[in-house]
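These notes are about the structure you will find just below.
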Amino acid sequence: MIHITIEDRNGDRQPLEIPEGISLSLMEVLKASDYPIQATCGGMALCATCHVAVLEGADALPPVNDAEGDLLDTLPDADTDSRLACQLRVDETMQGAIFRIRAE
Amino acid sequence: MITTDICIIGAGPVGLFAVFEAGLLKMRCHLIDALPQVGGQLSEIYPQKPIYDIPGFPDVKAQTLVDNLMEQIAPFHPSFTLGERVESLERQPDGSFHITTNEQTVVHCQVVVIAGGLGCFEPRKPDIAGLEQFEGKGVAYMVKNPELLRDRRVVLAGGGDSALDWTVFLADIAREVTLIHRSDSFRGAPDSAEKVFELAKDGRINLILQSNISSVSGNGHLQEVTITAKDKTVTNLATDHLIPLFGLTPKLGPIADWGLQIDKSAIAVDTVDYSTNVERIYAIGDINTYPGKLKLILCGFHEAALMCQSAFKYVYPDQKLSFKYTTVNGVPTF
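Those sequence lines, one after another, are chains A and B.
Residue numbers for the first sequence follow full-length UniProt numbering, so the first one is 1 and each next one is one higher.
Residue numbers for the second sequence follow full-length UniProt numbering, so the first one is 1 and each next one is one higher.
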């Protein structure tokens, strides 16, 4: 099991357990867990409606790819801890990480 | 005025295939798309990417699929309005519609089919206090005519390619150019970033890094922006123009105001015929939603076929629809 923690826009934290080898992005897992993520573009790093902040565990995650970086760069409210959930595979690199949902 | 049977909003793969299904039922189509070319996301975003889940095509390049669809619908002579965005919809006494674009193109149609995909891409607006009241009064989200900025003071905000490119371009035109970026580096094209740093070093532009615009003020017209740095230092800067360039984000746009039932930025439809809650308006493809919805091109094709069977009654109210296979009947052109 991969254990992560999600902080919603109200600051409430909930643990989330995801089976290993599930081959889903964090965006897909958040949507499936009924978090209010719009994911308008369906995971193509176009809309930023799955913008999250990595509060803990950022270093273990794979680096920002070009499509993700280009979009994050255009966001007015992105920060150094910003990622797009659609570009993050849920796997062991995420073990113990804490994510805050940023996008409206 | 353009007169047609079905007006399709969105010329992506699903909108294009709807022309074919409509054509089999002798319904004419006119398509409107905000992009300057047909194909929607396929042509605009990933023309060279392969698609693996189109039935009968083990793999097909996105642009090839669009080209093939255009060939497939050619016998039905669809007409197009490209590079224009649909603004308003007006119901006529007989139930038909007048659709008007931002360029004042008017289409008269019996049925409206929204095949708008992600929606249309609109500038992303930053969260800056007071920003909206100065839109059109010093604040703009794109540079339409750089000549209007000649000898003026211009503040640009953003860190992407367009922010860099416009900074370089306007350095020669405007009286004073300031670029504000929240980080201290740029991911955009290295050439443009280097040029911007050079211009700053030569004193030809002001480059303010690690900072954001926190508020704007003025008296009827923009006069000043307030800049808050990462270290919380606050400075005010007098300016005539502010151009926030934070990329584009897909939005439903004016369609959201047509009285349609919207669920999480998608249009709710009845899966019997993909009709919306407004009579004679259908929504197909990625823009609609229903229980079990899958955003797949092949699902959009299916939706297009069923939609046409239902729309027929509005185009030919006195005729009975009889379903015919193309293998039996061929493709009856008009």
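By construction, the Cβ of each residue, glycine as well, lies at the ideal position given by its N, Cα and C atoms.
All values reported here derive from a predicted model rather than from experimental measurement.
Within the stretch 66–89 of chain B, contact with chain A at the beta-carbon level (separation under 8 Å) is assigned to no residue.
Interface flag for phenylalanine 97(B) against chain A is unset, since no Cβ pair is found closer than 9 Å. Inside the stretch 56–108 of chain B, DSSP marks whole beta strand (DSSP E) runs of 3 or more residues at positions 79–82, 86–91 and 97–101, from first to last along the chain. Closer than 9 Å at the C-beta level to chain B, one finds these residues of the stretch 68–96 of chain A: Gly69, Asp70, Leu71, Leu72, Asp73, Thr74, Leu75, Pro76, Asp77, Ala78, Asp79 and Thr80. For glycine 15(B), there is no enclosing beta strand (DSSP E); the residue is part of the alpha helix (DSSP H) that begins and ends at 13–24.
If you ignore the 5 residues before and after glutamate 132(B), its C-beta comes within less than 7 Å of no other C-beta in its own chain. In the structure shown, serine 211(B) adopts extended strand secondary structure according to DSSP, grouped into three states. In the DSSP assignment, the residues bridged to valine 154(B) are Val177(B) and His241(B).
Residue state for histidine 302(B) is assigned as helix, using DSSP reduced to three classes. Bounds of the alpha helix (DSSP H) holding phenylalanine 169(B) are 161–170. The C-alpha of proline 317(B) lies about 50 Å from the C-alpha of phenylalanine 134(B). Within its own chain, the residues whose Cβ lies closer than 7 Å to the Cβ of threonine 49(A), once the five positions on either side in sequence are excluded, are Ile37, Gln38, Ala39, Thr40 and Ala103, listed in chain order. Setting aside the 5 residues that flank it on each side, leucine 237(B) is surrounded in the same chain by Val155, Thr178, Glu224, Val225 and Ile227, each with a C-beta closer than 7 Å to its C-beta; the list follows chain order. The residue from Leu25(B), Cys120(B) and Glu71(B) with its alpha-carbon nearest to that of proline 36(B) is Cys120(B). Using a Cβ-Cβ cut-off of 7 Å, alanine 48(A) is close to Thr249 of chain B, given in chain order. Interface annotation, glutamine 261(B): not in contact with chain A, CB-CB separation never under 9 Å. Annotated three-state conformation of valine 111(B) is strand, per DSSP. Note that the C-beta distance between leucine 69(B) and proline 123(B) is not below 9 Å. Take the alpha-carbon of leucine 199(B) and the one of glycine 160(B): they are about 17 Å apart. A Cβ of chain A is located within less than 9 Å of the beta carbon of phenylalanine 246(B). The beta carbon of valine 106(B) sits closer than 6 Å to the beta carbons of Met1, His98 and Thr100 from its chain, once the five residues preceding and following it are set aside; these are given in chain order. Residue-level contact by beta carbon holds for glycine 42(A) and chain B, with a gap shorter than 9 Å. Between the stretch 80–100 of chain A and the stretch 53–70 of chain A, the count of Cβ pairs shorter than 8 Å is three or higher; the stretches touch.
Under DSSP, alanine 129(B) shares a beta bridge with Ser215(B). As DSSP reads the structure, isoleucine 22(A) sits in no beta bridge. For glutamate 28(A), the closest alpha carbon among the candidates Pro15(A), Asn10(A) and Gly43(A) is that of Gly43(A).
Counting only unbroken stretches of 3 or more residues, the beta strand (DSSP E) elements lying wholly within the UniProt domain "2Fe-2S ferredoxin-type" (1–104) of chain A are 2–7, 13–18, 51–56, 82–84 and 98–101, in sequence order. According to the DSSP secondary-structure assignment, lysine 251(B) is paired through a beta bridge with Cys120(B).
Closer than 9 Å to the CB of serine 192(B) there is not a single CB belonging to chain A.
In its chain, beyond the 5 residues on either side, Ile180, Ile213 and Pro244 have a beta carbon closer than 6 Å to the beta carbon of alanine 157(B). When DSSP states are grouped into helix, strand and coil, glutamine 48(B) belongs to the coil group.
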